[in-house]
Structure formats: structure tokens, C-alpha cells
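In my numbering, the protein residues as written are 111 to 392. C-beta atoms are modelled at their ideal positions from N, C-alpha and C, and glycine is treated no differently. Only a predicted model underlies this, so the values are computations on that prediction, with no experimental measurement involved. Reviewing the structure listed below.
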Amino acid sequence: MSFKPLVTILREVVCKQYFERMPEPETIMTGEKVQAFDAEGNPDGTMAAPHLYIISQVSRTISGCKRVLDLGCGSGQLLCQVAEINPEIHFTGVDLSEEMLKRAKIRAESMNLSNVEFIKQDFTEVQGLQDKRIDGIMCVYALHHLNDLQSLKKFFKAVNSLVNQDTSIFIFDFCRLHSEKSIDFFVEYRGGERPLSREDFRNSLKAAFSLNEFKMLLDEELQRKVDFFSTRVMKFCLMIKTKEKFISEEKLDKIDQKLSLLSQRNQKIYNNAFCKQICKIG
Ligand SMILES: C[S@@+](CC[C@H](N)C(=O)[O-])C[C@H]1O[C@@H](n2cnc3c(N)ncnc32)[C@H](O)[C@@H]1O
Numbered sequence: 111m112s113f114k115p116l117v118t119i120l121r122e123v124v125c126k127q128y129f130e131r132m133p134e135p136e137t138i139m140t141g142e143k144v145q146a147f148d149a150e151g152n153p154d155g156t157m158a159a160p161h162l163y164i165i166s167q168v169s170r171t172i173s174g175c176k177r178v179l180d181l182g183c184g185s186g187q188l189l190c191q192v193a194e195i196n197p198e199i200h201f202t203g204v205d206l207s208e209e210m211l212k213r214a215k216i217r218a219e220s221m222n223l224s225n226v227e228f229i230k231q232d233f234t235e236v237q238g239l240q241d242k243r244i245d246g247i248m249c250v251y252a253l254h255h256l257n258d259l260q261s262l263k264k265f266f267k268a269v270n271s272l273v274n275q276d277t278s279i280f281i282f283d284f285c286r287l288h289s290e291k292s293i294d295f296f297v298e299y300r301g302g303e304r305p306l307s308r309e310d311f312r313n314s315l316k317a318a319f320s321l322n323e324f325k326m327l328l329d330e331e332l333q334r335k336v337d338f339f340s341t342r343v344m345k346f347c348l349m350i351k352t353k354e355k356f357i358s359e360e361k362l363d364k365i366d367q368k369l370s371l372l373s374q375r376n377q378k379i380y381n382n383a384f385c386k387q388i389c390k391i392g
């Protein structure tokens, strides 16, 4: 029996200082990293369980919206599934990586989705979207790519220029851990098989902003009220969102069907690590 999980929990609970943030080596994802990241979204990949949890949470958050922006949509693994479950909503995926956008467009076409479009833009400087009557904004696993707090501040300013008191907002990302040893633990247990994915996961955890940094900047820059959620004991991910709304049985069934397609391991991770562990925090 390994004591590593227990030791990591103790370390994260007791330690007061945080790991010093190290920005990602590349802000925009290109080359082999794109392929590796994309593959992790498959039913046996490391992103499949978190993605399904996010799909379920996003669908509840943006229910009733007409036009939703996905900032940092990547290869569309997540966005296309959200669009499939919510056919009455029009989605615009925004990313700066041509390679990611190319994959996203191919994926949307192969899924016959007519409710998604993609544009190449820097999401810290969103332009030309103010007139689009956006009533929902989502941003998943993208903010840790930003270089520094100034860029994160710029991002929230840009988001604020698009929202009003009714806009639905959903943000999900990694959260800064206290120690590099805890990062090693997560990479060992959840980093997957592919060396490139493990490296990407390690870099992402090292580049994560802290809960307090998110809170401070949201307080300063965003006029819309949001709630904060995180994993119960070790806060390695963070979900920031507006209130959930009703979603139909039909959509819940579609989410259940997607769950049944995941590998056994990922079904367990979905049920135990995400559905049971993520809760509202102060
Ligand atoms: C880890 S991927 C996440 C993709 C997707 N949201 C998901 O969860 O599958 C992060 C994406 O953010 C994009 N990105 C990073 N900084 C960006 C910026 N300033 N503007 C637009 N896209 C950006 C990267 O190119 C990459 O495709």
C-alpha cells in the first residue's frame, strides 16, 4: 500500500506557502503538443473524465443562452461535445493556435455540427464580439497559459466588456498547489502514459494561478457575481461560475450516454474525483 496520497494530502493541508508559479514554456499550443493534448480527450485519455464533468456543469450554467463564446477552445474536443448536447445554442470558439483551430473545424464538420464557428483571436483582447449579443462565456484549461497576472487581469477586463448582469459565465482551470512534490504526485497518478502529455500536465500545474489571485482579479475587474468551487481537500482545480439553471432530461441522458462510453477507470475518476469532490468554497 502506498502512503503517497496521504502524505500529499497532509502536505497540501499543512503547508502555508505556495509553489512559485512558472509560466508555460509556450503560451500557444503548437506541434506535437496539439496532437498529444487532443488524444487525451479520447474515452481512455486523461482529459476524458474532467471534460465530461465540465460538459455537464457548462450545460447547466449556459442553459437558456443563445450565443456562447468558448475562449481558448483548443482542438474543440470539449466545445464540440457541449455543442452536440446543446443544439439550440450557437457557439463561437476562440483560439490563437492555427493547428488547434484546424482540428476543431475538422471535428465540428465530422460531427455534423451546424451550431459552432471558430475564430482566431487573442482572448485577452477580444475584438468585434461586442455586437454579437453574447449571453454566455466559457473558458476551460486555458488561463494557466497566460504569462503573468497582468495578462490574467487583461483577460478579465476583456470578459467584463462582454458581460451584463445576466450573462452566464463558466471558467475551469488548474489551481496552484503548495509544493512541487504534490505536482510530482499528480503527474504520477493522473499524468497518463504519453511522455509529452505528462510534461504538458506538469507544466500546466506549475503555471496555475492561485485561488487568491483569481479572487482578487475577479473582484477588481468583473462586474458579474460568480461562485467559486474547488476539490474538497487538495485544491488542484478551480471552477468559477454563475448560477446553474434547469436542463432537460434529454440532455442529462446524453451526458449519461457519454459516461457509459468512457473507460472503466475514467468512469471511476468522473464519479469519485469530480462529482463527489468538487464543492463550493468561501
Ligand atoms: C489546454 S488548451 C484547452 C483547450 C480546451 N478549452 C479544452 O479544455 O479542451 C488551451 C488553449 O488555449 C489557447 N490559448 C492560450 N492563450 C491564448 C490566448 N491569449 N488567446 C487565445 N487562445 C489562447 C491555446 O492555444 C490552447 O489551444
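| Item | Value |
| --- | --- |
| I279, DSSP secondary structure in three states | strand |
| Beta-carbon proximity check, E134 vs N274, cutoff 8 Å | no |
| Short Cβ contact (8 Å threshold) for R131 with A317 | yes |
| C-beta contact flag for C175 and S278 at 8 Å | yes |
| Stretch-stretch touch, CB-based, cutoff 8 Å, three pairs: the segment 242-251 with the segment 161-180 | yes |
| Those runs of the alpha helix (DSSP H) which lie wholly inside the segment 205-270 and span at least 4 residues | 208-220 and 259-270 |
| Exposed unless 16 or more other CB atoms sit within 10 angstroms - verdict on M344 | buried |
| Start-to-end residues for the beta strand (DSSP E) that takes in T341 | D337 to T341 |
| Assumed close pair N270, E331 - CB separation to whole angstroms, cut-off 8 Å | 6 Å |
| Cut-off 8 Å between Cβ atoms - residues of its own chain near G238, not counting five sequence neighbours on either side | none |
| Counted within 10 angstroms of its Cβ, other Cβ atoms place P305 as buried (16 or more) or exposed | exposed |
| Boundaries of the beta strand (DSSP E) in which I388 is found, first to last residue | I388 to I391 |
| Cβ-based neighbour list, I293, same chain, cut-off 8 Å, excluding 5 preceding and 5 following | F129, L287, R312, L315 and K316 |
| Cβ contact (3+ pairs, closer than 8 Å) linking the segment 149-158 and the segment 201-220 | no |
| Pairwise C-alpha distance: K242 and I119 | 45 Å |
| Distance between Q191 and K386 (C-alpha atoms, nearest Å) | 22 Å |
| Any non-hydrogen atom of ligand 1 closer than 7 Å to L372 Cβ | no |
| With 16 other Cβ atoms within 10 Å as the buried cut-off, status of C183 | buried |
| Outcome for V168 when other beta-carbon atoms lying within 10 angstroms are tallied against a minimum of 16 | buried |
| Classification of E376 by the beta-carbon crowding that lies within 10 angstroms, buried from 16 upward | Rather than Glu, the amino acid found at residue 376 in this sequence is Asn. Its Cβ being crowded by 16 or more others within 10 Å, N376 is buried. |
| Start and end residues, alpha helix (DSSP H) containing V178 | Premise fails: V178 lies in the beta strand (DSSP E), R177 to L181, not in any alpha helix (DSSP H). |
| Straight-line Cα distance separating P197 from L328 | 30 Å |
| Which listed residue (L206, K126 and P160) has its alpha carbon closest to that of T140 | L206 |
| 8 Å Cβ cutoff, G155 in contact with chain B | The question asks about chain B, but that chain is absent: this structure has only one protein chain. |
| Separation of Y299 from K114, as counted between CA atoms | 10 Å |
| Bridge partner(s) assigned by DSSP for L348 | D283 and S340 |
| I391 and S320 closer than 8 Å at C-beta | no |
| Close beta carbons around I365, own chain, < 6 Å, minus the five adjacent residues each side | S166 |
| Ligand 1 heavy atom lying under 7 Å from the CB of L206 | yes |
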